[in-house]
Amino acid sequence: CVCASNILSCSQAVLSWGGAPLPRFTAVLDLSHNNVSRLRADWAPGRLAHLHALLLSHNGLSFVSTEAFAHVPHLRGGDLSSNRLRALEENLFSDLAELEVLLLYNNEISAVDRTAFDNLGRLRKLYLGQNRIARFPLELLRDGSRLPQLALLDLSANHLRSLPVGELQALPAWLRDRLYLHGNPLVCDCPLFQLVARGHRRRLSAVMDFQEELRCLLPATLAPVGILALAGRQPLNCSEAREAVLEAHLGDRGGLSCDTRLRGVRSRHWVTPGGERVLEEGGNGSAALLANGSLQLRALRPEDAGTYACWVAGPLLNETLYVELLVHNFTLHGPHDTLNTAYTTLVGCILGGVLVLIYLYLTPCRCCCCRGGDKPPAPRDDSINSSVLSGGGNHAAGVPGEPCRSRSASGGGPGQNGRYKVGGTPQPPRGGGPKAQRKVSDPDSVSSVGGGTPIVV
């Protein structure tokens, strides 16, 4: 080993480490490129209160005791990369309350316990790339309570196939700026495209620095394609990503978020569509700047619609964000109005169907079979009858199934032709067919419409 002041370097010393004594003043301990395959609880003979950097990369390390870091409570940087770790057990790093940087890339990690990073309130950078992680460890980021200082999370080159896009989009921009997801076998879909495209519009480092590596697999062919190339591409046909747009209604209260990617913001202010500046110390009658940088709008009016600009000044850079507000000139309907409208539409459809059925099946009959058969025939009169008869026999009996034609006023059956002998004796039909005898016409009848010349008898 080489000792330089408070730095102890034992790199490439072919050590397996069996609890050798270490100087108590050691601040940096380099044990990389050795044969330390197991890190037990007794690897350090005593408390190393000054140690703030521990390097254990390239050791074939496959086991780490949950009590291995009890003797180094002030460790700020730990390098466990390029080893054979397969899982991060519960409370593995809970003794490292001051840890700021943790390197775990290039291992065989496939399981991450939800408590593995508990009590790491100062952790700023976590490198988990080039592992076998198949599930996104969202508990590391949710609500910002587990790792409140985390500013970089590397999950590149793992086995992630899908992402919780909605929850990732809700993360602050300063965290999404260094959330590295390239090199994963992600399945292409439009929400994934929208997530990456918005990051490209915001010029987030995780997107701008690795555009070529941000690829996904098309569902049908599983062929890799650039995520940013999905815009308008078949079969997904994803639409272009839009800037931040907020929709509201007249009279609503609205809040515009200034989602900056800068940390350590020194000052910020908003500029309204009318050119009015809203400063940190307060606001005008309709807008006010909140402590988190959001702009609070009261009782929205039509003139409040437009593009708002948030100007942010950071330690090294400045950033300007734009948020578009759409104010609809009608009030938002309540749930009961929607229910009433749906109910009215349903009732109207049912009534319309009933009316159609009535029209189709209950229409009054207009065929020849509808006869006034209940009316008794008028009494026969043997006196001289006066009628108008058709001149010839060219009018045959009614054709079955044919609509009713103009009938004689006698009201007789379809076999009558209006020809009778004087005295009322019925004349049998010519031709001698099997037809029934024709009935005598009604004496009340005056005329009959025929095809020949009328004959008065």
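Just so we're aligned, residue -15 is where the sequence shown starts under this note's numbering, counting upward by one.
We treat Cβ as the ideally placed atom computed from N, Cα and C, and that holds for glycine.
Residue range 251 to 255 is occupied by the beta strand (DSSP E) that includes S251. By the Cβ neighbour-count rule, Y306 is exposed, with fewer than 16 other Cβ atoms within 10 Å of its own.
Taking a C-beta distance under 8 Å as the contact criterion, L35 and H17 do not qualify as a contact pair. For I211, the closest C-alpha among the options V149, S94, L176 is that of L176. Relative to the Cα of T291, the nearest Cα in the group Q114, R182, G259 belongs to G259. Contact between the stretch 186 to 196 and the stretch 157 to 166 is established, with three or more Cβ pairs separated by less than 8 Å.
A Cβ-Cβ distance of about 6 Å is found for the pair A289 and L310, placing them in contact under the 8 Å criterion. As a beta-bridge residue in DSSP terms, G61 pairs with A37, V85.
The beta carbon of S78 lies closer than 6 Å to those of D102, N103 in the same chain, with the five residues before and after it left out.
Contact between the stretch 98 to 118 and the stretch 49 to 56 is absent: fewer than three C-beta pairs spanning the two stretches fall below 8 Å.
The three-state secondary structure of G337, taken from DSSP, is helix.
In the displayed model, G210 falls within a strand according to three-state DSSP. Buried is the label assigned to R199, since at least 16 other Cβ atoms lie within 10 Å of its Cβ. Around the CB of C(-6), 16 or more other CB atoms lie within 10 Å, so the residue is classed as buried.
For T99, the closest C-alpha among the options R130, F47, L147, L32 is that of R130. Within its own chain, the residues whose Cβ lies closer than 8 Å to the Cβ of V262, once the five positions on either side in sequence are excluded, are H253, W254, V255, T256, N268, A271, A272, L273, L279, listed in chain order. In the assembly as shown, N221 is an exposed residue. Its beta-carbon has fewer than 16 other beta-carbons within 10 Å. Annotated as proximal: A297 and V249, with beta-carbon spacing under 8 Å. T325 sits in a helix when the DSSP states are folded into three classes. For Q280, the uninterrupted beta strand (DSSP E) run begins and ends at 279 to 281, by DSSP. Under the DSSP assignment, R199 falls in the beta strand (DSSP E) whose first and last residues are 199 to 201. Non-local C-beta neighbours of A118 in its own chain, meaning closer than 8 Å and more than five positions away in sequence, comprise S94, N142, H143, L144, R145, ordered along the chain. For Y111, the closest C-alpha among the options E84, H312, Q153 is that of E84. A direct Cα-to-Cα measurement between A81 and W295 gives close to 35 Å. By the criterion of at least three beta-carbon pairs nearer than 8 Å, the stretch 201 to 208 is not in contact with the stretch 230 to 244. With fewer than 16 other Cβ atoms from the protein chains shown falling within 10 Å of its own Cβ, C(-15) counts as exposed. Taking 8 Å as the cut-off, the Cβ atoms of G113 and D138 count as close. Judged by DSSP in its simplified three-state form, D173 adopts coil rather than helix or strand. In the DSSP annotation of this structure, the continuous segment of the alpha helix (DSSP H) that includes W158 starts and ends at 157 to 160.
Secondary structure of H312 (DSSP, three-state): strand. N90 has its alpha-carbon roughly 8 Å from the corresponding atom of R68. Contact check for G44 and N19: beta-carbon distance about 7 Å, within the 8 Å limit, so the pair qualifies. Cα atoms of N(-10) and W1: separation of roughly 20 Å, rounded to the nearest angstrom.
Rounded to whole angstroms, the separation of the alpha carbons of E224 and A181 is 8 Å. Annotated three-state conformation of L344 is helix, per DSSP.
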